[in-house]
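Okay, so here's the structure we're looking at.
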Amino acid sequence: MALLQSLGDGTFAANVIALTGNEPVDVLLADTSDDGVPDIMLANAGSGTVSFFSFMGGLGGEVEYGTMNVASPMGLSFGQYNQNTDAVEDVFAFGGSAFAALPGDGQGISDAPVGGTIGTDLRRAVGGDLGGSSAGDAAVADFAEGGIYVLLGDGDPVGFTAQDFYATGAGAIDVAAGDVTGDGDVDLAVANSGDDSVTVLEKTS
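In this note's numbering, the protein residues as written are 390 to 594.
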């Protein structure tokens, strides 16, 4: 991993290099240590782990966490999954046909993830309040099935209340969330690499 620190004028300091697990494929910034500063997490597809780095006055050493049944994590997202502490964000890892939630514990992320199986070939993911309940939700692209799964959290550390699939296009590989239509609701945009297209899913309720 390379960290380029902003100098505040559009330029960056020389990179700080830190070793991670094998084959890192995705990076996520989220405050899971509850210190007001984003932590750095990487999905390591080759070693089946998530690397965690804190940053408070300097880059801390790596802590590597297992991802339970996600043998090769491809995407990370964050949200208030279990809602046990309002200020601490939790991390979702996705890969293959499985997902795992690693709750933030105020020090980093928990080494006791919970999760389950869904889909076929999960890739990139995004977290946020997709259902309007303030619980941690997630949307994840499924490359093989050509669409996304939307997982609605219920604030409980045992799972999601709903797992809905939306077909988008061949080779769905990435998903982003935002209010595309300007109506105050979170919409989803999906990149479909198999048919060179983008799909926008507008939230309707």
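Think of the CB as a built atom: it goes at the ideal place given N, C-alpha and C, for glycine as much as any other residue.
None of these values were measured; they are calculated from a predicted model.
| Asked | Found |
| --- | --- |
| At the level of alpha carbons, what is the spacing between GLY493 and SER422? | 7 Å |
| Quick one, are the C-beta atoms of VAL480 and ILE507 less than 8 Å apart? | no |
| Assuming THR588 is part of the beta strand (DSSP E), what are its boundary residues? | 586-590 |
| What separation, rounded to the nearest whole angstrom, lies between the Cα atoms of VAL564 and GLY435? | 22 Å |
| For GLU534, which of ILE562, ASP420, GLY542 has the nearest alpha-carbon? | ILE562 |
| Considering only DSSP beta bridges, list what ASN433 is partnered with. | PRO413, THR438 |
| Hey, out of GLY542, ASP415, LEU511, GLY536, whose CA is closest to ASP518's CA? | GLY542 |
| Out of ALA514, ASP574, ASP428, point me to the one whose CA is closest to GLY450's CA. | ASP428 |
| Please report the straight-line C-alpha distance between SER466 and THR400, rounded to a whole angstrom. | 28 Å |
| Roughly how many angstroms separate the alpha carbons of THR474 and VAL515, rounded to a whole number? | Low confidence applies here, because THR474 scores a pLDDT of 49, under 50, leaving its location unreliable; read the following figure in that light. Approximately 21 Å, taken between the alpha carbons. |
| Let me confirm a value: ALA419 is counted as buried when at least 16 other C-beta atoms fall within 10 Å, else exposed. Which label applies? | buried |
| Going along the chain, which residues of its own chain have a beta-carbon closer than 8 Å to the beta-carbon of LEU408, five neighbours each way excluded? | MET390, GLU451 |
| Quick one: is VAL529 buried, meaning 16 or more other Cβ sit within 10 Å of its Cβ, or exposed? | buried |
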